[in-house]
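J.: First the structure, then my questions, so here it is.
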Amino acid sequence: MATTYDAILVRLQAAFDEIEPGCDPVLRSSDRTDFQVNGVMSLAKRLGRPPREVAEEIVERLDLDHVADVEIAGPGFLNLTLRPEFLSDQVAQLVNDERLGVVAATTPLRVVVDYSAPNVAKEMHVGHLRSTVIGDALHRLYRFQGHHVIARNHVGDWGTPFGMLIEHLVDMGEQNAIETLSIGDLDSFYRSARAKFDADEAFRERSRARVVTLQAGDPETLRLWRILVDQSVAYFSEVYGKLDILLRPIDVVGESFYNGALEGVVRDLDALGLIEDSDGAQCVFPPGFTNRDGEPLPVIVQKRDEGFGYAATDLAAIRDRVDTLAADEILYVVGTPQAQHFEMVFAVARMAGWLPDRVRCEHVNFGNVLGTDRKMFKTRSGETIKLVALLDEAIDRADAALTERDADLDGDARRQLATVVARAAIKYADLSTERQRDYVFDLDRMVAFEGDTGPYLAYAHARVRSIFRRLDAPYEPTRATFALAHPAERALALGLLGFPEAFSGALTALAPHRLCAYLFDLAQTFTSFYEACPVLNAPDEIREERLALCDLTARTLALGLELLGIEAPERM
Ligand code: ARG
385 MATTYDAILV
395 RLQAAFDEIE
405 PGCDPVLRSS
415 DRTDFQVNGV
425 MSLAKRLGRP
435 PREVAEEIVE
445 RLDLDHVADV
455 EIAGPGFLNL
465 TLRPEFLSDQ
475 VAQLVNDERL
485 GVVAATTPLR
495 VVVDYSAPNV
505 AKEMHVGHLR
515 STVIGDALHR
525 LYRFQGHHVI
535 ARNHVGDWGT
545 PFGMLIEHLV
555 DMGEQNAIET
565 LSIGDLDSFY
575 RSARAKFDAD
585 EAFRERSRAR
595 VVTLQAGDPE
605 TLRLWRILVD
615 QSVAYFSEVY
625 GKLDILLRPI
635 DVVGESFYNG
645 ALEGVVRDLD
655 ALGLIEDSDG
665 AQCVFPPGFT
675 NRDGEPLPVI
685 VQKRDEGFGY
695 AATDLAAIRD
705 RVDTLAADEI
715 LYVVGTPQAQ
725 HFEMVFAVAR
735 MAGWLPDRVR
745 CEHVNFGNVL
755 GTDRKMFKTR
765 SGETIKLVAL
775 LDEAIDRADA
785 ALTERDADLD
795 GDARRQLATV
805 VARAAIKYAD
815 LSTERQRDYV
825 FDLDRMVAFE
835 GDTGPYLAYA
845 HARVRSIFRR
855 LDAPYEPTRA
865 TFALAHPAER
875 ALALGLLGFP
885 EAFSGALTAL
895 APHRLCAYLF
905 DLAQTFTSFY
915 EACPVLNAPD
925 EIREERLALC
935 DLTARTLALG
945 LELLGIEAPE
955 RM
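Sequence positions in the sequence shown follow this note's numbering and run 385 to 956.
And the structure:
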């Protein structure tokens, strides 16, 4: 089924094309009318003609099949009112469509989404929270569109710190270390290792020697390293479980996975004549990247000490993703501070021919998480805040809020619901701000049942569902015609029909906040409808129609939230 928007756009585009081929009509939904066309003014400007005259010409050429009325308004806007039969048909099609108007991709793409990527033996911080939540939403959006998503959790599991971490593990005793790590005390483990490294020369020596044996592949050293990795990954999985994240242990393909390919990266870049020696380091200088003094900036592929760095690993990962995984798109959900790293790595990969033009490769960057004081979100003593502690606190607050709302809810059920509410709160707060912007982590605001919050939307869904529990028999959606006589019914119908555009807007711009804004809007449109239009007490004919609109609203909210990784319980 073509979406309502598309059906109108095709006809409008044809009228515009007759005057100026390819000109965008700028069709938008509107509060005042069914749809508004905003593109006439810029077309008129380009033609040097009066806008209202151009507007009239468009109206003359417009195929009015689906349109009952066109009004030329203001300086040259077109206000379109749709034909009632057309609207009725469109809504009736939604009733029988599980996908609520979203058409599955005809050519599924292979899409690698690189997200979460915490570091072994280090606490996940709020930056990893954002990557995890945004990446998971993109994963779900792409999957629903019908693409093949390959999740990659590029955990930091290699590099010089592992010498010190392994030595610390040896000092602590394996069993002891495993216990510390398995309860998620990663930071204290890391910090003790670091403190010893800074204070104790002998420990430093041992650590350095350990890096060498690790890189040489010494089996005993690798066994110890594995303990660190396995314990950390088990802990990350627990966090993902708590947050209801799709990432599985097999999606963990950490930096170490690419070790065997790093020599080849240098060799092949060298054979292409791209490598330059800079102070003993092997570098590529992609054109267009300079420091403040205008000197060219290197991508360091191999360090002077022969070790490979973060950039070399990312180059090897691109080759793997393009050649082995046959990716059509690669998305990196990583904070804005790494923007230059990715730009430069992508540039080198393109220079080397490893990243063909047909492969879309994008850094899906995001802003910082701030405290309510608008400074970087840290504990008072300046430490990173544990994600799990945040989540637990959110659960406590949700629990308190639920107790206040409904004192009869029994303990277990309430706790379970509190978990769902807490996840909704944290994920929605993150996803609803434009991702490039910073956002303030304010649990009180996030957990509130009023305002533009996750709990509000989940509750809006449960409230619609509660209408159906008051029916005598289970509800069967069968409605085939919609009169939409009341303006609030019409507004709700148009809102429901807008789901596919909100979905594809969020997907193409990699902008989950657009879907959030749509859902919030829909919930409010529903509230106005429900205030103006009685449902259960309406006469039979109208009641059927209104029930169908309610059912579609609940389904749309549930699906939209699910695509954001947020559960919508039947009752709250
Ligand atoms: N582990 C890195 C960090 O914590 C993020 C890795 C992102 N992904 C990548 N392919 N570089 O900053």
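Beta carbons: idealized from backbone N, C-alpha and C, even for Gly.
A quick note: this is a predicted structure, and the numbers were derived from the prediction, not measured.
Between which two residues does the beta strand (DSSP E) holding Ser-640 run?
T.: Unbroken run through Ser-640: none, as it is neither H nor E.
J.: Determine the DSSP secondary structure at Arg-594, reduced to helix, strand or coil.
T.: Helix, per DSSP.
J.: Can you list, in chain order, the residues of its chain whose CB lies under 6 Å from that of Asp-520, leaving out five sequence neighbours each side?
T.: The residues are Ile-629, Leu-630, Gly-949.
J.: Span of the alpha helix (DSSP H) holding Arg-829?
T.: From DSSP, the alpha helix (DSSP H) with Arg-829 extends over 827–831.
J.: Applying the criterion that 16 or more other CB atoms from any shown protein chain within 10 Å of the CB defines a buried residue, is Pro-405 buried or exposed?
T.: That one is exposed.
J.: Keeping to the same chain, check which residues put their C-beta closer than 8 Å to that of Thr-768; ignore five residues upstream and five downstream.
T.: Glu-507, His-509, Val-510, Asp-571, Lys-762.
J.: Can you name the residues that DSSP bridges to Leu-881?
T.: The partner list for Leu-881 (beta bridge, DSSP) is empty, contrary to what the question assumes.
J.: For Gly-460, which residues of its own chain have a beta-carbon under 8 Å away from its beta-carbon, when the five flanking residues on both sides are left out?
T.: Contacts found: Val-424, Met-425, Ala-428, Pro-435, Arg-436, Val-438, Ala-439.
J.: Please report how far the alpha carbon of Arg-590 lies from the alpha carbon of Asp-541, in whole angstroms.
T.: Between Arg-590 and Asp-541, the C-alpha separation is close to 19 Å.
J.: So if DSSP puts Pro-680 in a beta bridge, which residue, or which two residues, is it bridged to?
T.: Answer by DSSP bridge pairing, in chain order: Thr-674.
J.: Check the DSSP bridge columns for Phe-400 and list the partner residues they point to.
T.: Answer by DSSP bridge pairing: none, since Phe-400 is not bridged.
J.: Spell out the partners DSSP gives Gly-540 in its beta bridges.
T.: Asn-503, per the DSSP bridge assignment.
J.: Which residue marks the beginning of the beta strand (DSSP E) containing Gln-820, and which one marks its end?
T.: First-last for Gln-820: undefined, no H or E at that position.
J.: Starting from Phe-910, trace the alpha helix (DSSP H) both ways and give me its first and last residue.
T.: Segment 896–916, the alpha helix (DSSP H) holding Phe-910.
J.: Please classify Ile-567 as buried or exposed, where buried requires at least 16 neighbouring CB atoms within 10 angstroms.
T.: So Ile-567 counts as exposed.
J.: Run through DSSP, which three-state label would Asn-463 get?
T.: Note: Asn-463 maps to strand in three-state DSSP.
J.: Taking Lys-580 as the reference, give the member of Val-517, Met-556, Pro-923, Leu-606 with the closest Cα.
T.: Closest by alpha carbon: Met-556.
J.: Check the Cβ-Cβ distances between Arg-807 and every residue of chain D, and say whether any is below 8 Å.
T.: You won't find chain D in this structure, because it holds only one protein chain.
J.: How far does the alpha helix (DSSP H) with Tyr-716 in it extend, from its first residue to its last?
T.: It is not in any alpha helix (DSSP H) - Tyr-716 instead sits in the beta strand (DSSP E) that spans 713–717.
J.: Find the nearest neighbour of His-747 within the set Tyr-716, Gly-838, Ala-773, Gly-458, judged by alpha-carbon distance.
T.: Nearest option by C-alpha distance: Tyr-716.
J.: Assign Thr-674 to buried or exposed, taking buried as 16 or more other Cβ atoms, counted over all protein chains shown, within 10 Å of its Cβ.
T.: Answer is exposed; the Cβ neighbour count stays below 16.
J.: By the three-class DSSP mapping on this structure, what secondary structure does Gln-725 have?
T.: Position check: residue 725 holds His in this sequence, whereas Gln was assumed. In the structure shown, His-725 sits in a helix (DSSP, three-state: H, G or I).
J.: Could you check whether the stretch 880–895 touches the stretch 479–495, counting it as contact only if at least three pairs of C-beta atoms, one from each stretch, sit closer than 8 Å?
T.: Short answer: they touch.
J.: Assuming the contact rule is C-beta atoms closer than 8 Å, Val-804 and Pro-896 should be a hit. Round their C-beta distance to whole Å, please.
T.: Incorrect: roughly 19 Å between the Cβ atoms, too far for contact.
J.: With distances taken between CB atoms, is the gap from Val-718 to Asn-749 smaller than 8 Å?
T.: Yes, they are a contact pair.
J.: Quick check on this structure: which residue in Phe-852, Leu-522, Ser-414, Leu-466 has the alpha carbon closest to the alpha carbon of Val-919?
T.: It is Phe-852 whose Cα lies nearest to the Cα of Val-919.
J.: Is Phe-692 near Leu-646, with beta carbons less than 8 Å apart?
T.: Yes, the Cβ-Cβ distance between Phe-692 and Leu-646 is below 8 Å.
J.: With respect to the alpha helix (DSSP H) encompassing Asp-957, which residues constitute its N-terminal and C-terminal limits?
T.: What is shown of the chain runs 385 to 956, which leaves residue 957 out entirely.
J.: What is the rounded straight-line gap between the Cα of Phe-470 and the Cα of Arg-898?
T.: Phe-470 and Arg-898: Cα-Cα distance of roughly 27 Å.
J.: Taking the alpha-carbon of Phe-669 as reference, which of Asp-663, Glu-622, Ile-684 has the nearest alpha-carbon?
T.: Considering only alpha carbons, the answer is Ile-684.
J.: Which same chain residues, not among the five before or five after His-870, have their C-beta less than 7 Å away from its C-beta?
T.: Same-chain partners within the cutoff: Ala-916, Cys-917.
J.: Any idea what DSSP makes of Arg-744, helix, strand or coil?
T.: Three-state DSSP puts Arg-744 in a strand.
J.: Decide if the stretch 845–864 is in contact with the stretch 929–937; the criterion is three or more beta carbon pairs, one per stretch, under 8 Å apart.
T.: Output reads yes: the stretch 929–937 touches the stretch 845–864.
J.: Return yes when at least one heavy atom of the ligand ARG lies under 7 Å from the C-beta of His-747, else no.
T.: No, the beta carbon of His-747 sits no closer than 7 Å to any heavy atom of the ligand ARG.
J.: May I ask you to verify whether the stretch 810–825 touches the stretch 922–931, counting CB pairs closer than 8 Å and requiring at least 3?
T.: Because the criterion of three Cβ pairs below 8 Å is not met, the stretch 810–825 and the stretch 922–931 do not touch.
J.: Ala-867 to Leu-793, Cα distance in whole Å?
T.: Distance between the alpha carbons of Ala-867 and Leu-793: 40 Å.
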